[in-house]
Structures are given as structure tokens and as C-alpha cells.
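**Q** Residue numbers (the UniProt record's numbering): 191 to 418. Backbone N, C-alpha and C fix where the C-beta goes; we use that ideal spot for every residue, glycine too.
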Ligand code: ADP
Ligand code: MG
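1) Are the CB atoms of residue 327 and residue 294 nearer to each other than 9 Å?
2) Return the residue from the list 387, 249, 407 and 317 that minimises the CA-CA distance to residue 217.
3) Quick test of your reading: residue 357 and residue 402, contact by CB under 8 Å. State the CB separation rounded to the nearest angstrom.
4) Roughly how many angstroms lie between the CA atoms of residue 346 and residue 413, to the nearest whole one?
5) What is the residue span of the beta strand (DSSP E) that residue 394 lies within?
6) Could you give the distance in angstroms between the alpha-carbon of residue 244 and the alpha-carbon of residue 373?
7) So, are the CB atoms of residue 305 and residue 272 less than 9 Å apart?
8) Helix, strand or coil: which one does DSSP assign to residue 191?
9) Here's the rule I'm using: 16 or more other beta-carbon atoms within 10 Å means buried, otherwise exposed. How should residue 416 be labelled?
10) Residue 300 and residue 335 look like a contact to me (Cβ under 8 Å); what is the Cβ gap, rounded to whole Å?
11) Going straight from the alpha carbon of residue 405 to that of residue 281, what length do you get?
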């Protein structure tokens, strides 16, 4: 009975995510449609025309950013729960973030020799790591070092992700994962961390954050390992 309950809770998480995506993307699409409709008018002044076009394009961009926070790597459904090796997933996520990191002169360091099996959906775990790594890069606009370390204990794996960026106040840390909480005026969605918390909690894992303004941020994701 207990197992069945867990499973349906996980399904709930997935369908909630899918529902959120369509909800989030609808807004910018509606705005885009509105401006495109205005552009049908042939007598429109050039200044207005270019404003409408720019706004429509910006909103389309926004729709794309929202989608990428949710599921660049995670397939929307159905969830693929397997035995996965966490280090493989970390390696993939790091590989994917490197071009983005290079663009901001951020060096990515990877550490941890052991690997461990966990139960989960590899593409969703990868999405979590990417969302956190991306925030790490964005916290260091002048460049810096982003380090990832994997520690394994008897029952858990711990993924440490550390940046030396702008850091957060206590209030900001407390608001992490709250939908739409973003300090990146206009550029952020405030959805990346919400996705992280939902997915990790869905795996019976935890996300801990230590941060200091001006010093940087340290994320620790812990996930139960399984015995094979
Ligand atoms: P977004 O990145 O779109 O703003 P997220 O949910 O990914 O949304 O992050 C929410 C907010 O948390 C960010 O806007 C930022 O203020 C803060 N944040 C997250 N990660 C970091 C970090 N590594 N360093 C500093 N601030 C961070
Ligand atoms: Mg983000």
C-alpha cells in the first residue's frame, strides 16, 4: 500500500509539471497573438509597427525560456523511472552547461570519483542540475569558478554545486522555489528552482542552500541511493 501511495504522488508531480508548462506558456503566446493581430492593420505608423513586432518577438523568446526551464532535457511525460547512475547524469549536465559557462568566462570543475545508483528519471535529474548550474553561471557575470562534487555515503549521494557569485540574502534563500520568484528583471522566469525542488522531492531527496551576499552559493542535493 505504501509503495502505491508513493507512486501516485510521483505521477501527481509529473502531471502538475505538465499543467504548469501549458499554463505558463499560454501567457506570452496570447500577448504575441494580440500584437500580431494589431499588425494586420495596413495603416499602422512605422514606429508602432516596430514596437509591436519587437514586443511579439520578446514574448516568443520568453515562451522559449519558460519551456527550457521546465523541459529542455526532461520529456514532459510519461516519466521514465529507472536505475540511474548519478555520475553519468552529472557528466552529461556538465557537458551541456560548458558552452554557456564559457560564454561568461566561468570555469567548470568536476570532482568525485565514486558513482552510485539511484531511482529516478535521468532526464529530469539532468534538468535539475542544468537549472542549478545555469543559475550558478548567471550569478557570476564577471566570470569565476563553478564546481560540482559528488560524495557517496552508505545510503545517500550528495551533489555539491558551488559558485563564487553574487550570493543571496536570507530572505532570497527562503523564497527559492517559490513560483515566479526571480531577481533577474525581465530575464528570469522564477521557475527553474521550483522545478528543482519538485523533482528532487519527488525522488525523496532534499535540496539545501547556503549562501552569502557577495561571496557565493552552495547547493547540496541529497538523493537516497539504492542497493543493487
Ligand atoms: P530565474 O533564474 O529565472 O530567475 P530560478 O528559479 O532559477 O529563476 O531562480 C530564482 C532566483 O533565485 C534567481 O532569480 C536568483 O535571484 C536566485 N538564485 C538562484 N540561484 C542562485 C545563485 N546560484 N546565486 C545567486 N542567486 C541565485
Ligand atoms: Mg534560473
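**A** Taking the structure as given:
1) Against a cut-off of 9 Å, the Cβ pair of residue 294 and residue 327 comes out as a contact.
2) Measuring from the Cα of residue 217, the nearest candidate turns out to be 249.
3) Confirmed, about 5 Å.
4) Rounded to whole angstroms, the separation of the alpha carbons of residue 413 and residue 346 is 6 Å.
5) If you look at residue 394, you'll find it isn't in any beta strand (DSSP E); DSSP assigns it neither H nor E.
6) One Cα belongs to residue 244, the other to residue 373, and the distance between them is close to 23 Å.
7) If you check the CB distance, residue 305 and residue 272 do not come in under 9 Å.
8) Note on residue 191: pLDDT 47, under 50, position unreliable in the model; the coordinate value appears next. In the three-state DSSP reduction, residue 191 falls in the coil class, being neither helix nor strand.
9) Residue burial annotation: residue 416 is exposed, with fewer than 16 other C-beta atoms found within 10 angstroms of its C-beta.
10) Taking a contact as a CB-CB distance under 8 Å, the pair residue 300 and residue 335 does not count as one, their CB atoms being some 11 Å apart.
11) In this structure, the CA atom of residue 405 is about 26 Å from the CA atom of residue 281.
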